[in-house]
Each structure stands twice: as C-alpha cells, then as structure tokens.
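The numbering used here applies: residue 24 is where the sequence shown begins, and numbers increase by one.
Comments concern the structure below.
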Amino acid sequence: MIRILGIETSCDETSAAVVEDGRTILSNVIASQIEIHARYGGVFPEVASRAHVEAVVPIAERALADAHVSLGDVDAIAVTRGPGLAGSLLVGVNFAKGLSLGRNLPLLGINHIESHLYAVWLGEDAKEPVFPALALIVSGGHSEIILMSGHGQYQRLGGTIDDAAGEAFDKVAKMLGLAYPGGPVIDRLAERGNPLAVAFGEVRTKGEVAFSFSGYKTAARVYAQRSGIEPLAHPDDPPSSALLDLVAAFRYAVVRELVRRTRQAIQAERPRALVLAGGVAANRLLRAEFTRLADTHGLALSIPPPRYCADNAAMIVKAALPRLLAGEDGTEGLDATAHLPLGGPEATRRTRRHR
Ligand code: KG4
Ligand code: ZN
C-alpha cells in the first residue's frame, strides 16, 4: 500500500490530501481564499501567498487527521511545482521540502496542468486511462489542448493566445457586477437566458488549434454598453433578461470555440480517448458538448466529477503516483517554477507544423 501526502498552493486554494494507491482518497482538504479575493474581483498574488503561509501547516495537519494517519504512515510527499503564482508555489514547495528532508521521504514535484489531467482518473469509480488521449485543460490560468500518449508523455498541440477560458468568464462576470469567481455564476445564469439572442462571431487565429477569448470579452462589453445593460449594483440583485441572454450567448460562444478546436485536433490526431479537465470542466454546457463530441467520434470520455475539477491536492497525488513508481525522486533541486510548460521541445515543433 502506498500513501502519498499531496500539497497544492499554486493559486488561491491551499489544499492537502492523503491518497492511498492513487485510488482511495483518505482526505482532500481545501481552504479557499475566495472570500478574500472576491473583495478585489480577482486573485492578488501578494495576498494569496500570505494566506498560503498561514494555511499550509494547519491544512496539512487536518489532511493527516481526517485520514487518521500520521506523517510516519506516509510513503512520499507530492507538491505542485508550477505553473502558478511564484510566491504561492514557493510556500507549498518549501513546506514539502521541509517535510521530505525532515522525514527522509521521496519528494515529487508535479506540474499543475498535469495534475488537472490526472483528476479525471481520481476516485474509486474512475475509469482506467486509455491512450492516446486528447485532453482539453481549461482553468483560470490555462486553455490547452494536449495529446497524452502515455503516463508523463505529452505533446502540447495548442493553447490560448490571450485570456484563458476561465479568466474570460471571470472578467465578463466582473464587468457585469456578478460574484467572483464568475465562471460558475455565468454557468448558472446562462441556463435562464437565450444563447442565440446575441451573435458572437467566430474567432480567427493563425494556429489551427489556437484559442483567443479576449475578443469575446470585448464584444460582450460593447454589446452591454450599446444595449444599456448596467452592471448589477450588488451581485445578489436579480439580473435583467437582457443580461441573462448576454451571459448565455457568451457561454455558448466560448464553449463552441473550445469544442470546434478540440474537434479539429481529434480529426488530426485520431486519439482513442477524450479528456476534459480543469476548473472550467465544471461547466454544464461544455460537459454536455464533450459528451456529444466523444459519442460522435466513438471515443472513451473522461471528465472529473465537479468536485475534482477545481484545484485540489488529491489530483497532485494522482499525478505523482506513476512518477514515484517509476523511481522518480525530486528531493534534490526541486524549485517552484511559475512558467512550467507541459510537453517538451517536440511538442513545440508539432504546434508549429499545425500553422
Ligand atoms: O482549475 P481552477 O480551480 O484554478 C486554476 O488553476 O485556474 O479553475 C478556476 C477557474 C475560474 O476561472 C472559474 O471561474 C472557472 O474555473 N470555473 C468555471 C466553472 N466553474 C469554475 N467556468 C465556467 N463554468 C463553470 N461552471
Ligand atoms: Zn488549476
């Protein structure tokens, strides 16, 4: 039996988890800083790292307590090393290093994007991975299409050239006076609006699988101004039907773009499985469209349950297990790296060929 303690501090959630054999989640404690960042309408890096400093020790202690284990029962430590906010990453990495050195435990430094991917194979009822898998990873910081041909083998096929999908949701929500983070709020309100009430044109980008969402954000702002849609004075105020239509059309446009690019990548790469991961994978319309896309192309589909879509430490452990089994130990020289791409130089060459 292999028990790993995972630590995640890359953005605005401090999380720690204990997972056994990559299957049994003994604990997965998440302390969100949402209330703090809601005051600013976004994540403030300085504030985030300070909050991690305060939370990391009690959250790790709680993860051990909830799992009814002590550090002596743990076989390895896994921690997010990047990408993310430099100051926030540093808190988790330094804490994990300390534990690993103090207890003489192997230390695994995990890529945050990779861990979002592994979240789809988390939990007792999760399916076994099927490769090659084509993955769309969409969060507040990333919108990436990755071809995964095996554990640890990634080719980045494309990504966003401006805003990440989640970031676009959050910015449009902020502009309309909706609560932070805006993705889940827009998703909920969009169910009550007419997605065809406002036409968002198709985005043209040079790369075959490049996303661009900032144009939609601008289009939403211009439309709101022209149609006299005022931002809500308070996030709990009842939204007008025009505002509901606007958010429904915006969600529709973003999802249509994500699906269109993913379909292109499926046709080019002919994978056996389709994966949807990251915080935006909680989006109802996107989940429904991916189910349809997988059916149409006869692909196995893996989407994490909504509770594993957002940042959490159990997914860090899930990504760490195959690395630990392969003998990896990053005790020496593990650093927090704010910009950490997934996929090597080969991936970059492939992306260029697509253009
Ligand atoms: O993966 P995550 O928890 O943190 C990052 O690594 O960024 O993703 C958070 C992002 C936020 O931008 C949030 O607005 C978005 O995911 N999000 C959603 C939904 N739930 C969360 N976006 C659209 N629809 C949702 N249901
Ligand atoms: Zn994330």
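Glycine included, every Cβ here is placed at the ideal spot set by N, Cα and C.
Keep in mind the model is a prediction, meaning the values are calculated, not measured.
query: Could you give the DSSP three-state label for residue 5: helix, strand or coil?; result: Residue 5 lies beyond the range of the chain shown here (24 to 378); nothing can be said about it.
query: Helix, strand or coil: how does DSSP classify residue 325 here?; result: strand
query: Can we count residue 135 as close to the ligand ZN, meaning its CB is less than 7 angstroms from some heavy atom?; result: yes
query: Do residue 300 and residue 158 have their CB atoms nearer than 8 angstroms?; result: yes
query: Any heavy atom of the ligand KG4 inside 7 angstroms of the beta-carbon of residue 318?; result: no
query: Taking DSSP's pairing of strands, which residues face residue 17 in a bridge?; result: With the chain running from 24 to 378 in the structure shown, residue 17 is simply not present.
query: Give the straight-line distance between the Cα atoms of residue 171 and residue 322, rounded to the nearest whole angstrom.; result: 14 angstroms
query: What would DSSP say about residue 34, mapped onto helix, strand or coil?; result: coil
query: Quick one: what's got a C-beta closer than 8 angstroms to residue 124's C-beta in the same chain, skipping five residues either side?; result: 354
query: Is residue 127 near the ligand KG4, with its Cβ less than 7 angstroms from a heavy atom?; result: no
query: Buried or exposed for residue 222, going by 16 or more other Cβ atoms inside 10 Å?; result: exposed
query: Where are the beta strand (DSSP E) runs, 3 residues long or more, that stay fully inside the region 81–134, in chain order?; result: 99–105, 130–134
query: Could you spell out where the beta strand (DSSP E) holding residue 161 opens and where it closes?; result: 156–161
query: Going along the chain, which residues of its own chain have a beta-carbon closer than 6 angstroms to the beta-carbon of residue 85, five neighbours each way excluded?; result: 52
query: Quick test of the definition: if touching needs 3 or more C-beta pairs under 8 angstroms, does the region 311–325 touch the region 30–48?; result: no
query: Would you check whether the ligand ZN has a heavy atom nearer than 7 angstroms to the C-beta of residue 186?; result: no
query: Using a threshold of 7 angstroms, is the CB atom of residue 236 nearer than that to any non-hydrogen atom of the ligand NAP?; result: Questions concerning the ligand NAP fall outside what the structure shown contains, since the ligands it does hold are the ligand KG4 and the ligand ZN.
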